[in-house]
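Please read the structure below before turning to the comments.
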Amino acid sequence: MHYIGSVTREEMHISPSGDDHDHSQCVAGAVARVEQCCVAKGLRLTPLRRNVMRALAQSHTPLGAYDIVERLTAEGEGAPPMSVYRVLDFLVAEGLAHRIESRNAYLACTHPHDIDEVVVFLICERCGLTREVGSHAVGRDLAWAARAAGFTPRQRVLEVAGTCARCREAAERDGATAPDGA
Ligand SMILES: [Zn+2]
Ligand SMILES: [Zn+2]
Ligand SMILES: [Zn+2]
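Quick note on my numbering: the sequence shown kicks off at 121 and runs consecutively.
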């Protein structure tokens with residue numbers, strides 16, 4: 121049983137963000153997950169699949185397909201946008217990345233999901249930082265509400281816009297003279 125408010129950070133599946141974590145672990149872990157997925161399903165781990173996942177995992181703000189093309193080009197690994205789109209579709213289909221609809225962008229997933237879990241994205245409107253929170257409690261509530269409405273959900277993703285901790289602290293530091301920060 122998982123309830124918001126009484127669970128540990130670990131159980132909530134809160135993804136790392138900001139500069140308070142070992143970012144090389146994010147990137148290495150994401151690439152390792154693509155490798156494991158390909159091995160488990162007998163799929164080919166093409167250099168492009170690996171490169172796109174690495175580029176995605178390097179950012180904790182969602183990246184558009186063209187951002188990824190630019191990053192790959194800057195690393196000397198340039199690829200046609202259509203190929204990058206295909207890889208992104210693959211990563212999303214395999215649950216290795218998420219599409220953030222409101223931003224038309226993608227985020228590397230940092231952990232496996234349970235089938236009854238809803239994925240909640242906390243998106244900072246100021247800096248774009250996006251954290252992923254997996255919640256069984258929200259998943260159950262949503263499942264009940266959908267069932268009551270005779271509705272069959274296709275994807276169970278919530279996007280919540282707001283202000284991240286770092287931007288809120290920065291705004292507070294700037295003081296009362298600039299209440300709106302940006
Ligand atoms: Zn990181
Ligand atoms: Zn995820
Ligand atoms: Zn922010």
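Positions of the beta carbon are idealized from the N, C-alpha and C atoms, including for glycine.
Cβ separation of residue i and residue j, assumed to be a contact under 8 Å, to the nearest whole Å
i	j	result
residue 239	residue 218	7 Å
residue 211	residue 172	7 Å
residue 250	residue 181	6 Å
residue 254	residue 237	5 Å
DSSP three-state assignment for residue i, whether helix, strand or coil
i	result
residue 266	helix
residue 208	helix
residue 179	coil
residue 250	strand
residue 199	coil
residue 218	strand
residue 149	helix
residue 162	coil
residue 295	coil
residue 229	coil
residue 259	helix
residue 244	strand
residue 279	strand
residue 239	strand
Same chain, Cβ closer than 7 Å to residue i, five either side skipped, listed in chain order
i	result
residue 185	201, 204, 205, 208
residue 245	281, 282, 283
residue 159	none
residue 147	174, 177, 178
residue 259	236, 237, 238, 276
residue 198	192
residue 165	154, 155, 158
residue 233	215, 239, 254
Residues near residue i by beta carbon distance below 6 Å, same chain, minus five either side
i	result
residue 289	none
residue 150	173, 177, 228
Own chain residues within Cβ distance below 8 Å of residue i, not counting five before or after
i	result
residue 224	184
residue 222	243, 279, 281
Legend entry - Shell residues, 5 Å Cβ cut-off relative to heavy atoms of ligand 3: 244, 246, 247, 249, 284, 287
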